[in-house]
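Scroll down for the structure; my scribbles are underneath it.
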Amino acid sequence: MWRELPRIDELPNGSQLQSDGKLKFSDNFFEIFAIPQAWVVDLNGLNIRYRALQQEFHPDKYSTKSQIDQRLAVQMTSLINQAFETLKCPLKRAQYLLELSNIDTDQETHITTDGNFLMQQIELREGLQDIFNHKEPWEMLERMRREIEDIYLNLQDSFQENYQKGSLGDALNITAKMQFFSKLLIEVENVEAELEDM
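Take the sequence shown: its letter number 22 is residue 21 in numbering that gives the first Met the number 0, and every next letter is one higher.
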């Protein structure tokens, strides 16, 4: 995936300058960071590359340039930020990898018939609500947090396995479950904040 943009002085890795002076800046987030298109990402290397790209395309660097170059720097900074946020987050990275394979990740109806998963959702949500009535709420919250995190990590391992062997339908099913557990971890943080205010 490439798009043509006007030329600027400095180009990131993964970009190409054509003979007509136009910059082809990759829309592929993995290419922007010059890393393999894969589930496993070196997060430390990603952070280092992100900081380098931020400096390279910081809008202040182009304050004396043409309006086109200034606008381009802002666009590139926005794209770099979006790419970074996507690749560092397991759920977003999984969804993005599937989207690159032309899989629509917005549809979650295919998992509603999974009875075990539905029961697990209900039990975990009820457990979070019960925390406020528990005699040891903090202990219960930490126990639930560990349980949810363990399940989330196991789902990530399952996604990697299915994605690597090309079982994209199964990978999509797992991604939808990852989305639920990602939201559940946010709910855990909300419960923690409420407990602190009590």
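All C-beta atoms in this analysis are idealised placements derived from N, C-alpha and C, irrespective of residue type, glycine included.
Specify, as a first and last residue, the run of the alpha helix (DSSP H) that residue i falls within.
i: residue 83; result: 66-87
i: residue 143; result: 136-163
i: residue 129; result: 114-129
i: residue 47; result: 42-55
i: residue 32; result: No alpha helix (DSSP H) holds residue 32; DSSP gives it neither H nor E.
Would you say residue i and residue j are within 7 Å of each other, going by their C-beta atoms?
i: residue 144; j: residue 187; result: yes
i: residue 149; j: residue 161; result: no
i: residue 167; j: residue 102; result: yes
i: residue 90; j: residue 159; result: no
State the DSSP-derived secondary structure class of residue i, mapped to helix, strand or coil.
i: residue 180; result: helix
i: residue 61; result: helix
Distance check for residue j and residue i, CA to CA, integer angstroms please.
i: residue 82; j: residue 134; result: 44 Å
i: residue 26; j: residue 118; result: 40 Å
i: residue 63; j: residue 69; result: 8 Å
i: residue 192; j: residue 185; result: 11 Å
i: residue 66; j: residue 37; result: 37 Å
With 7 Å as the threshold, decide whether the Cβ of residue i is near any Cβ in chain C.
i: residue 116; result: Among the chains in the structure shown there is no chain C, since it carries only a single protein chain.
Using 8 Å as the threshold, is the segment 44-63 in touch with the segment 143-163, meaning 3 or more CB pairs across them? no
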